[in-house]
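Trainee: There's a structure below that I have some questions on.
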Amino acid sequence: MENLVLYRKYRPKTFAEVAGQKHAVRTLTHALAMEKTAHAYLFCGPRGTGKTTIARLLAKAINCESLKQKFEPCNKCSSCLEINESRSLDLIEIDAASNRGIDEMRELRDGIKFSPVRLKRKVFIIDEVHMLTREAFNALLKTLEEPPAHAVFILATTEIHKVPQTIISRCQRFDFHKLTLPDISERLAWIAKEEGVKISKEAIDLIALNADGAQRDAESLLGQVMAMEDKNITLEEVQTILGTTDISSVLKMADFIIEKDIKSAIILANKLVEQGYDLAQFAKSLSNYFRKMMIFASFGATGSAESYGSQNRQLIAPELTEDQFRVILEQGKNVAVKDFIRILRSLTQAEYEIKSAILPQLPLELAIVELAGE
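First residue of the sequence shown? That's 9 in our numbering, and the numbers climb one at a time after it.
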């Protein structure tokens with residue numbers, strides 16, 4: 009167990025442990041409590057947001073011999089233990105990316121006729137279901153139209169637009185969303201505590217920010233940081249490992265671009281290269297910073313920090329401190345709308361070109377000269 013990666017080691021064993029996705033958890037637990045579960049579910053949304061985790065929890069709750077609060081798996085009965093240890097013959101997980109043909113779906117259709125070996129109901133989790141061929145979808149449709157009472161299907165996809173409407177209409181659909189920064193940070197802090205690792209809040213928030221709303225990615229990044237550092241992890245260490253710069257460098261570069269200070273901007277870019285930072289990541293952070301500046305500026309150039317409301321601020325820039333938030337508002341007052349468009353296009357292009365450039369600083373330098381020269 010100790011050798012498992014963090015996202016597997018700390019995969020939630022109850023619905024209460026799930027980070028985010030409150031709407032899905034609330035609906036599913038209510039259905040379990042009322043004993044009104046469906047025969048087919050469709051979980052769709054970005055990767056790493058809990059689709060497979062909640063699918064396994066649902067499978068466990070459906071088969072649990074001693075539910076807590078009428079919906080939480082007990083994690084003690086033989087059914088729960090079999091699923092937790094991935095040795096249940098009645099929980100069939102299929103990766104549609106590698107089992108996408110009609111033959112596999114026909115095998116599934118033939119196998120579903122047989123009663124469960126040990127559990128109350130057979131549960132089929134089909135991940136990346138959008139990868140199935142048209143013929144395979146047709147075979148699956150036949151099964152969904154006339155499912156046996158002992159079977160439950162849970163389909164998961166990151167690309168809902170590729171799933172035929174005939175399949176969608178026969179499932180209860182749940183849309184999963186990217187997790188918020190506070191949700192991810194809270195879970196990471198708990199995992200670090202369980203692992204006996206001391207890590208600063210700023211470091212946790214940076215990891216959460218780089219995960220882009222995916223809990224699994226956040227836990228993978230935390231595992232990477234923990235593997236390379238000691239039991240006391242600082243913000244600076246995380247920045248070095250992830251190749252990210254601190255917010256102060258982003259603020260400085262934004263100032264230089266707004267003030268058209270080419271010399272200072274190019275010197276800063278080359279210092280970042282010398283210090284080993286990932287310039288593509290820096291360009292991405294800078295683009296995101298200007299994007300947020302543009303949004304706040306569009307709310308009203310004369311607005312005060314208080315006028316935006318904590319909810320709007322938390323939605324757009326949860327990682328900024330109060331002082332940094334005031335700085336971004338002041339900077340935004342000095343940039344016209346057309347300039348925001350020009351800046352964001354140049355930085356986006358620079359980020360793309362840096363990844364294949366012989367001199368990584370060159371695309372960013374060209375963007376700086378172009379922006380400051382107009």
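In this text, a Cβ means the ideal position worked out from N, Cα and C, and glycines have one as well.
Mind checking whether ALA147 and ARG114 have CB atoms under 8 angstroms apart?
Mentor: yes
Trainee: Beta-carbon within less than 6 angstroms of LEU97's beta-carbon, same chain only, minus the 5 sequence neighbours each way: which residues are those?
Mentor: VAL125
Trainee: Is DSSP giving TYR49 helix, strand or coil here?
Mentor: strand
Trainee: Just to confirm my understanding: we take TYR15, look at its own chain, exclude 5 residues before and 5 after, and list those with CB closer than 7 angstroms. What are they?
Mentor: ARG224, GLU227, SER228
Trainee: Taking the runs of the beta strand (DSSP E) that are 3 residues or longer, which of them lie wholly in the segment 266-298?
Mentor: Listed in chain order, nothing qualifies, since the segment 266-298 has no complete beta strand (DSSP E) run of 3 or more residues.
Trainee: Count the other C-beta atoms from every protein chain shown that fall within 10 angstroms of the C-beta of GLU43, then say buried if there are 16 or more, exposed otherwise.
Mentor: exposed
Trainee: What residue does the beta strand (DSSP E) around PHE184 start on, and which one ends it?
Mentor: Neither: PHE184 is in no beta strand (DSSP E) and is coded neither H nor E.
Trainee: Use the C-beta contact count for GLN173: other C-beta atoms within 10 angstroms, 16 or more gives buried, fewer gives exposed.
Mentor: exposed
Trainee: Could you please give me the residues that DSSP links to THR165 through a beta bridge?
Mentor: CYS52
Trainee: Is the Cβ-Cβ distance between ALA63 and PRO81 less than 8 angstroms?
Mentor: no
Trainee: Check the DSSP bridge columns for GLU101 and list the partner residues they point to.
Mentor: Partner(s): ILE133.
Trainee: To the nearest angstrom, report how far apart THR356 and ASP213 are at their CA atoms.
Mentor: Answer to the nearest angstrom: the Cα atoms are 24 angstroms apart.
Trainee: Decide if THR37 is buried, meaning its Cβ has at least 16 other Cβ atoms within 10 Å, or exposed.
Mentor: buried
Trainee: Can you tell me the Cα-Cα spacing of LYS130 and MET302, whole angstroms?
Mentor: 52 angstroms
Trainee: Helix, strand or coil, according to DSSP, for ALA69 in the structure here?
Mentor: helix
Trainee: Measuring CB to CB, does LEU379 end up less than 8 angstroms from ILE265?
Mentor: By the CB criterion at 8 angstroms, LEU379 and ILE265 fall inside the cutoff.
Trainee: Using the Cβ count rule (16 or more neighbours within 10 Å means buried), how would you classify SER193?
Mentor: buried
Trainee: Using 8 angstroms as the threshold, is the C-beta distance between ILE376 and ILE270 below it?
Mentor: yes
Trainee: Would you report the Cα separation of ARG142 and LEU66, rounded to the nearest angstrom?
Mentor: When only Cα atoms are considered, ARG142 and LEU66 end up about 28 angstroms apart.
Trainee: Taking just the CA atoms, how far does LYS201 sit from PRO368?
Mentor: 38 angstroms
Trainee: Going by DSSP in three states, VAL26 sits in which element: helix, strand or coil?
Mentor: Three-state result, VAL26: coil.
Trainee: Nearest by alpha-carbon distance to LYS78: which of THR45, TYR49, SER94 is it?
Mentor: THR45
Trainee: Where SER293 and VAL26 are concerned, what is the direct C-alpha to C-alpha distance, given to the nearest angstrom?
Mentor: 29 angstroms
Trainee: For the segment 278-291 against the segment 248-268, are there 3 or more C-beta pairs whose distance is under 8 angstroms?
Mentor: yes
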